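S.K.: All you need for my numbering is the position in the sequence shown, starting with 1, plus 454. We treat Cβ as the ideally placed atom computed from N, Cα and C, and that holds for glycine. From a predicted model like this one, the values you see are computed outputs, not experimental measurements. What follows is a single structure, and I will ask about it in a moment.
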Amino acid sequence: MSHETDSERLERVSAAAFRIRHHALNMGEVQGQGYVGQALGAADMLAAVYSDQLRFRAEDPEWEARDRFLLSTGHYAIGHYAALAEAGTIPVTELETYGSDDSRLPMSGMSTYTPGMEISGGSLGHGLPIAVGMALGLRYQGSSARIYNFLSDGELDEGSTWEAAMGAHHHQLGNLTAMVDINALQADGKTDNVLRTEPVTEKWEAFGWYTQRIDGYNIAALLAAFDNAAAQAAAVGRPSVILCDTKVGRGVPLLEEREKAHFMRIEEHEWKTCREQLTAGYEGKDAL
455 MSHETDSERL ERVSAAAFRI RHHALNMGEV QGQGYVGQAL GAADMLAAVY
505 SDQLRFRAED PEWEARDRFL LSTGHYAIGH YAALAEAGTI PVTELETYGS
555 DDSRLPMSGM STYTPGMEIS GGSLGHGLPI AVGMALGLRY QGSSARIYNF
605 LSDGELDEGS TWEAAMGAHH HQLGNLTAMV DINALQADGK TDNVLRTEPV
655 TEKWEAFGWY TQRIDGYNIA ALLAAFDNAA AQAAAVGRPS VILCDTKVGR
705 GVPLLEEREK AHFMRIEEHE WKTCREQLTA GYEGKDAL
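Set out below in structure tokens:
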């Protein structure tokens, strides 16, 4: 993308984020429910990684020199599938099988099922420990590949996450970038009411990470944060973390205000409205 202008780069990533959201809505409609809100909320983060940062070969998901994207939050798989389709790793038409029997796209991410999915999802707090081991292993192999680990703010409740953060600093894993979706919501309610993690920026800094906190929908800020992390990347150096403030259901006003937003049930007649609102917002029109 060396001949791109800044505005062209922004538009490319913005368009990818719109398509990821659109794919997520289409997949959600297959089941009539699911973790649609998380996919909508994290779409810009996923678009920035897959359409701008990640080094991969869509036709060869096991390419040895690839960068690794680890989805620690397995229930965000609907968003990850949308990003993999946008990247060309899985066919867009396959998204129609989401959550169905014998599908390669189960509702929670499974690395044994889905091309391009590096780890299986399940109990939260496993992703960063795996990322640390993988980053260390790649360094021992002399690989220039980087690890990107996607976490949720709910995972910051887990002690294993902070043990891994400490380990990453100890081993000076400059090839590791964590990205945290701070949507302030968990299955049991608002994050602040379940287990307060603020001041989260200061916590990561205290663990020795190069820390940036941004608006997760400011694509210019997202790209600048990833560029800053990439400029720091080295076999031996500080690990990086990008903290993104987001909102469940982003881009679809109907869903942004849902009280029970962790796992959404969306009525049959609402899907059309969701897509219309998403398109209107992307085109700069008043949402319907």
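Would you report the Cα separation of Val648 and Gln640, rounded to the nearest angstrom?
M.R.: In the sequence shown, counting from the first residue as 1, residue 648 sits at position 194. In the sequence shown, counting from the first residue as 1, residue 640 sits at position 186. Computed Cα separation, rounded: 8 angstroms.
S.K.: With a cut-off of 8 angstroms on the beta carbons, I'd call Ala622 and Leu630 a contact; round off their distance for me.
M.R.: Position 168 of the sequence shown, counted from the start, is the residue given in the question as residue 622. Position 176 of the sequence shown, counted from the start, is the residue given in the question as residue 630. Their Cβ separation, rounded to whole angstroms, is 6 angstroms, which keeps Ala622 and Leu630 in contact under 8 angstroms.
S.K.: Please go through the region 546-618 and give each complete beta strand (DSSP E) segment of 3 or more residues, from N-terminal end onward.
M.R.: Complete beta strand (DSSP E) runs here, min 3: 601-606.
S.K.: Quick one: measure Cβ to Cβ for Met564 and Ser574, integer angstroms, because I've assumed they're closer than 8 angstroms.
M.R.: Residue numbering aside, residue 564 sits at position 110 when the sequence shown is read from its first letter. Residue numbering aside, residue 574 sits at position 120 when the sequence shown is read from its first letter. Correct: roughly 5 angstroms between the Cβ atoms.
S.K.: Indicate the three-state DSSP secondary structure (helix, strand or coil) for Asp669 in the structure shown.
M.R.: As a position in the sequence shown, residue 669 is number 215, starting the count at 1. Note: Asp669 maps to strand in three-state DSSP.
S.K.: First and last residue of the beta strand (DSSP E) that includes Arg522?
M.R.: Taking the first residue of the sequence shown as position 1, residue 522 is located at position 68. Residues 522-525.
S.K.: So, are the CB atoms of Gly703 and Leu494 less than 8 angstroms apart?
M.R.: Here residue 703 refers to the residue found at position 249 when the sequence shown is read from its first residue. Here residue 494 refers to the residue found at position 40 when the sequence shown is read from its first residue. Yes, these two residues count as a Cβ contact at 8 angstroms.
S.K.: So Ala497 and Ala471 are supposed to be a Cβ contact under 8 angstroms. How far apart are they, rounded?
M.R.: Locating residue 497 in the sequence shown gives position 43, where the first residue counts as 1. Locating residue 471 in the sequence shown gives position 17, where the first residue counts as 1. The Cβ separation is near 5 angstroms, so the contact holds.
S.K.: Can you tell me where the beta strand (DSSP E) with Ala632 in it begins and where it stops?
M.R.: Counting from one through the sequence shown, the residue named residue 632 turns up at place 178. It spans 630-636 - the beta strand (DSSP E) in which Ala632 sits, taken as one unbroken run.
S.K.: Determine the burial state of Pro653: buried for a count of at least 16 other Cβ atoms within 10 Å of its Cβ, exposed for fewer.
M.R.: Position 199 of the sequence shown, counted from the first residue, corresponds to residue 653. When all chains shown are included, Pro653 counts as exposed.
S.K.: Pick out the complete alpha helix (DSSP H) segments inside the region 488-522, 4 residues or longer, and give them in chain order.
M.R.: Segments of the alpha helix (DSSP H) lying fully in the region 488-522: 490-502.
S.K.: Using 8 angstroms as the threshold, is the C-beta distance between Ile720 and Gly553 below it?
M.R.: Mapped onto the sequence shown, residue 720 falls at position 266. Mapped onto the sequence shown, residue 553 falls at position 99. No; because the gap between Cβ atoms is not below 8 angstroms, this pair is not in contact.
S.K.: Can you tell me which of the three DSSP states Gln626 falls into?
M.R.: Reading the sequence shown from its first residue, position 172 is the one you call residue 626. Looking at Gln626 - three-state DSSP - the assignment turns out to be coil, as it is neither helix nor strand.
S.K.: Could you give the distance in angstroms between the alpha-carbon of Met718 and the alpha-carbon of Glu483?
M.R.: Position 264 of the sequence shown, counting from 1, holds the residue named residue 718. Position 29 of the sequence shown, counting from 1, holds the residue named residue 483. The straight-line gap from Cα to Cα measures roughly 11 angstroms.
S.K.: Determine contact between the region 725-733 and the region 705-714, defined as no fewer than three beta-carbon pairs at a distance below 8 angstroms.
M.R.: A contact exists between the region 725-733 and the region 705-714.
S.K.: If you draw a straight line from the alpha carbon of Tyr530 to that of Asp514, how long is it in whole angstroms?
M.R.: Here the question's residue 530 lines up with position 76 in the sequence shown. Here the question's residue 514 lines up with position 60 in the sequence shown. Answer to the nearest angstrom: the Cα atoms are 23 angstroms apart.
S.K.: Per DSSP, which residues does Gln640 bridge with? Please list them.
M.R.: The residue given as residue 640 occupies position 186 in the sequence shown. Answer is Gly643.
S.K.: Sorted by chain position, which residues of the same chain lie with C-beta nearer than 6 angstroms to Pro693's C-beta, five sequence neighbours on each side aside?
M.R.: Translated into positions along the sequence shown, residue 693 becomes position 239. For Pro693, where only same-chain residues beyond five positions count, the Cβ hits under 6 angstroms are Ala622, Leu627, Leu630, Trp663.
S.K.: Assuming the contact rule is C-beta atoms closer than 8 angstroms, Arg509 and Ile601 should be a hit. Round their C-beta distance to whole Å, please.
M.R.: Position 55 of the sequence shown holds residue 509. Position 147 of the sequence shown holds residue 601. With 8 angstroms as the limit, Arg509 and Ile601 do not qualify as a contact, their Cβ atoms being about 12 angstroms apart.
S.K.: Under the assumption that Ala599 contacts Leu592 (Cβ atoms under 8 angstroms), give the Cβ distance between them as a whole number of angstroms.
M.R.: Here residue 599 refers to the residue found at position 145 when the sequence shown is read from its first residue. Here residue 592 refers to the residue found at position 138 when the sequence shown is read from its first residue. Their Cβ separation, rounded to whole angstroms, is 5 angstroms, which keeps Ala599 and Leu592 in contact under 8 angstroms.
S.K.: Less than 6 angstroms between C-beta atoms, sequence neighbours within five positions excluded: which residues of the same chain meet that for Leu525?
M.R.: For the purposes of this step, residue 525 is taken as residue 71 along the sequence shown, with counting starting at 1. Answer for Leu525: His534, Gly563, Phe604, listed in chain order.
S.K.: DSSP state of Ile544, grouped into three classes?
M.R.: For this step, residue 544 is matched to residue 90 along the sequence shown. If DSSP states are grouped into helix, strand and coil, Ile544 belongs with coil.
S.K.: Considering only DSSP beta bridges, list what Ser694 is partnered with.
M.R.: Counting from one through the sequence shown, the residue named residue 694 turns up at place 240. Paired residue(s): Thr631, Tyr664.
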